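A.B. asks: Those sequence lines, one after another, are chains A and B.
For the first sequence, position 43 (counting from the first letter as 1) is numbered 42 according to numbering that gives the first Met the number 0, and the numbering increases by one without interruption.
For the second sequence, position 87 (counting from the first letter as 1) is numbered 86 according to numbering that gives the first Met the number 0, and the numbering increases by one without interruption.
We put the beta carbon where it would ideally sit given N, CA and C, even for glycine.
None of these values were measured; they are calculated from a predicted model.
There are 2 protein chains.
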Amino acid sequence: MKTLILTGALAAAVALQAEVPYPSGFRGWQHVKSIVVGPEHPSFKNRGGIHHYYANDAAMEGYRTGKFRNGSVIVDEGVFTKDGEGQAKGIVLEGERRSVEVMVKDDQLYKETGGWGFEAFDGDARTGKLEASGRAQCHSCHSKAKDRNYVFSAVRK
Amino acid sequence: MKTLILTGALAAAVALQAEVPYPSGFRGWQHVKSIVVGPEHPSFKNRGGIHHYYANDAAMEGYRTGKFRNGSVIVDEGVFTKDGEGQAKGIVLEGERRSVEVMVKDDQLYKETGGWGFEAFDGDARTGKLEASGRAQCHSCHSKAKDRNYVFSAVRK
């Protein structure tokens, strides 16, 4: 994984950003799409498994309009997989939750990172684990989708 | 796949069952769980891919209480998969919708099949494809879960 070297002013600004809260109740939000990160992908060790994306109502409006208003929240939930047994042999089943990654739109609170605040939670933890460098990495990668308001995903119909 | 031979009276009763309507809007319902049917599973040819399960509000109450009231609907959506390319190599992505399988609770309309009506739709079709024998097969297999009101799935928290 690339390490991002932040220059003083930006590093301080990102470090001082408001905390991104845990997205309580996200399992009841709109399911956006899913992917499976397999063993051949470089991120498998850290992110292998099924990933489900969810959006709250404000983010759903953003997917439709192309403009994500403040309060939009998108969640990437990672779930460990386990192999089915017996009659379920050959079926991949969901196991424990692996991770909850969140992006929250607030163009004032998170103005140094494109108006989005980023956070990541391990398993069922409610306390985020990202430091300034991690949040800056999220922003850096999502900047590839700057013309889509920093959002990679699209809603599967 | 086993063929079910129905005796006259049951066959006629199942054949006359009320139609199970297409579950419009199910993508906005609660996501229950997902599985991936892989190439080593005997059903891969017909059902390979990612399967998402969804429940309407009445069915969600059923998962909580163990008793599914009339109007409960559970959907099994099959989605073809495709392999990611470039930076997404090693990631399994969702492709076209493969199937929509539905079970609807109505203890009067579907009393011959445990109070559940079964239907299956190919891809984005809105017209069901099951004949009496197919519906009887659904019922036969779901009868393994008769003590759980014919429901196999449970909601992942």
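Along the chain, where does the beta strand (DSSP E) that runs through B:V116 open and close?
C.D. replies: Note that residue 116 of chain B corresponds to Gly in the displayed sequence, not to Val. Its beta strand (DSSP E) spans residues W115 to D121.
A.B. asks: Are the beta-carbon atoms belonging to A:E39 and B:R155 less than 7 Å from one another?
C.D. replies: No, Cβ-Cβ distance for A:E39 and B:R155 is not below 7 Å.
A.B. asks: Around the C-beta of B:L15, are 16 or more other C-beta atoms found within 10 angstroms, so that it is buried, or is it exposed?
C.D. replies: That one is exposed.
A.B. asks: How is B:K143 classed by DSSP in three states: helix, strand or coil?
C.D. replies: B:K143 falls in the helix class under three-state DSSP.
A.B. asks: Could you say if the stretch 82 to 98 of chain A and the stretch 137 to 151 of chain A meet the contact criterion of at least three C-beta pairs nearer than 8 Å?
C.D. replies: Not touching, per the Cβ criterion.
A.B. asks: CB of A:V13 to nearest heavy atom of the ligand HEM: below 6 Å?
C.D. replies: No copy of the ligand HEM appears in this structure; indeed no ligand is present at all.
A.B. asks: Would you mind reading off the limits of the alpha helix (DSSP H) that contains B:G61?
C.D. replies: Looking at the DSSP string, the run of the alpha helix (DSSP H) that includes B:G61 is D56 to T64.
A.B. asks: Anything in chain B within Cβ reach of A:G37, meaning under 8 Å, just list it in chain order.
C.D. replies: Neighbours of A:G37 on chain B, chain order: G89, I90 and V91.
A.B. asks: DSSP state of A:H138, grouped into three classes?
C.D. replies: If DSSP states are grouped into helix, strand and coil, A:H138 belongs with the helices.
A.B. asks: Give me the residue from B:N45, B:D105 and B:G48 with the minimum Cα distance to B:A58.
C.D. replies: For B:A58, the nearest C-alpha among the options comes from B:D105.
A.B. asks: Going by beta-carbon coordinates alone, are A:I73 and B:I90 separated by less than 7 Å?
C.D. replies: In this structure, B:I90 does not lie closer than 7 Å to A:I73 by Cβ.
A.B. asks: So which residues of chain B does A:I49 contact, with C-beta pairs closer than 7 Å?
C.D. replies: Result: S33.
A.B. asks: Considering just the uninterrupted stretch of the beta strand (DSSP E) at B:R97, what are its terminal residues?
C.D. replies: Taken as a continuous stretch (DSSP letters only), the beta strand (DSSP E) holding B:R97 covers I90 to K104.
A.B. asks: Residues bridged to B:Y53 by DSSP?
C.D. replies: B:Y53 is bridged to B:H30 and B:V74.
A.B. asks: Span of the alpha helix (DSSP H) holding A:R46?
C.D. replies: Counting along the chain, the alpha helix (DSSP H) containing A:R46 begins and ends at F43 to R46.
A.B. asks: Can you tell me which of the three DSSP states A:K110 falls into?
C.D. replies: Correct three-state label for A:K110: helix.
A.B. asks: Using a Cβ-Cβ cut-off of 7 Å, state whether A:H141 counts as contacting chain B.
C.D. replies: Not one chain B Cβ lies under 7 Å of A:H141.
A.B. asks: Among residues of its own chain, excluding the 5 on either side of A:A144, which ones have a beta-carbon nearer than 7 Å to its beta-carbon?
C.D. replies: Closer than 7 Å at the Cβ level, and outside the excluded window around A:A144, lie V150 and F151.
A.B. asks: Excluding five sequence neighbours on each side, which residues of the same chain lie with their C-beta closer than 6 Å to the C-beta of B:E100?
C.D. replies: Cβ neighbours of B:E100 beyond the five flanking positions: D75 and A119.
A.B. asks: Go ahead and label A:S42 buried or exposed: buried means 16 or more other beta carbons lie within 10 angstroms of its beta carbon, across all protein chains shown.
C.D. replies: Answer is exposed; the Cβ neighbour count stays below 16.
A.B. asks: Could you pull out every residue in the same chain whose Cβ sits closer than 6 Å to the Cβ of A:L129, ignoring the five residues on either side in sequence?
C.D. replies: Same-chain partners within the cutoff: E118 and A119.
A.B. asks: Under a CB-based cut-off of 7 Å, is A:H138 close to chain B?
C.D. replies: It does not; no Cβ of chain B falls within 7 Å.
A.B. asks: Below 8 Å on the Cβ atoms is my contact criterion, and I expect A:H50 with A:G77 to pass it. Report the Cβ-Cβ distance as a whole number of Å.
C.D. replies: With 8 Å as the limit, A:H50 and A:G77 qualify as a contact, their Cβ atoms being about 5 Å apart.
A.B. asks: If you measure between the beta carbons of B:F79 and B:G48, is that distance less than 7 Å?
C.D. replies: Yes, they are a contact pair.
A.B. asks: Does the beta-carbon distance from A:Y53 to A:H30 come in below 7 Å?
C.D. replies: Yes, the pair counts as a contact, with Cβ atoms nearer than the cut-off.
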